[in-house]
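Working notes for the structure below.
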Amino acid sequence: MSDKPLAERVVDRMYDHDAFSQWLGIERLEVATGRCVLRMTIRQEMTNGFAIAHGGITYSLADSALAFASNGHGRRAVSVETSISHTVALRTGDVITATAEEVSLSDKIGVYYITITRQDGKTVALFKGTVYRTSHDWDV
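So the number in our numbering is just where the residue sits in the sequence shown, counting from 1, plus 614.
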């Protein structure tokens with residue numbers, strides 16, 4: 615068994631099988647039980663017809679942060695409701711960081727707030743996610 619904390623082992627396993635998060639270029643800056651900080655850079659192929667980042671890119675980063683934070687307890691959790699507010703447009707080359715924080719946890723439901731900031735510290739999106747916690751543990 616690894617000397618790594620449970621949350622890190624779970625997220626390592628999730629990320630290793632997550633082709634989309636890998637395609638996004640997500641870097642894991644911090645992984646802890648109920649918390650996760652991720653970073654990525656906006657690339658040209660992530661922009662839309664307005665030459666700004668497609669809203670799905672920011673959403674996807676937040677969704678990955680939600681998944682990693684909520685599964686870090688060692689129980690498999692899946693999202694059941696999510697929402698995002700985009701507050702600032704992003705462009706190619708912008709570096710964004712998603713910080714997921716657990717705000718409520720019960721046996722079956724977890725609620726998380728994810729704040730996404732740009733390299734200058736400006737908040738660019740706010741995400742709320744609710745997960746269902748299954749009865750299945752991660753085998754890590």
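C-beta: ideal position from N, C-alpha, C; glycine also.
Selected residue, minimal CA-CA separation from residue i, among the options
i, options, result
"H668", "S635, A703, G688", "A703"
"F741", "V754, V725, W752, G735", "V725"
"L680", "V651, D630, F664", "V651"
"S720", "A646, T713, A691", "A691"
"L675", "S697, F664, A665", "S697"
"T672", "K618, D632, L643, M660", "M660"
"R642", "Q658, G670, G663, A683", "A683"
"S693", "K722, T701, G670", "K722"
Residue i burial status per 10 Å Cβ neighbour count (16 or more: buried)
i, result
"T748", "exposed"
"N685", "buried"
"D677", "buried"
"G639", "exposed"
"G743", "buried"
"S635", "buried"
Own chain residues within Cβ distance below 6 Å of residue i, not counting five before or after
i, result
"D751", "G688, R689"
"E695", "T744"
"V754", "R623, V624, R627"
"E644", "V651"
Rounded Cβ spacing between residue i and residue j (contact assumed at less than 8 Å)
i, j, result
"R623", "E716", "Between E716 and R623 the Cβ distance is about 18 Å, and since that is not below 8 Å, they are no contact."
"T713", "I728", "7 Å"
Spatial neighbours of residue i in its chain, beta-carbon cut-off 7 Å, leaving aside the 5 residues before and after
i, result
"S699", "A739, L740"
"I666", "A703, L704, R705"
"A646", "A621, G686"
"Q658", "T706"
"S616", "R623"
Beta-carbon contacts of residue i that lie in its chain and below 8 Å, excluding the five residues immediately before and after
i, result
"G707", "T655, I656"
"S718", "G724, V725"
"V709", "R653, M654, T655, I656, R732, Q733"
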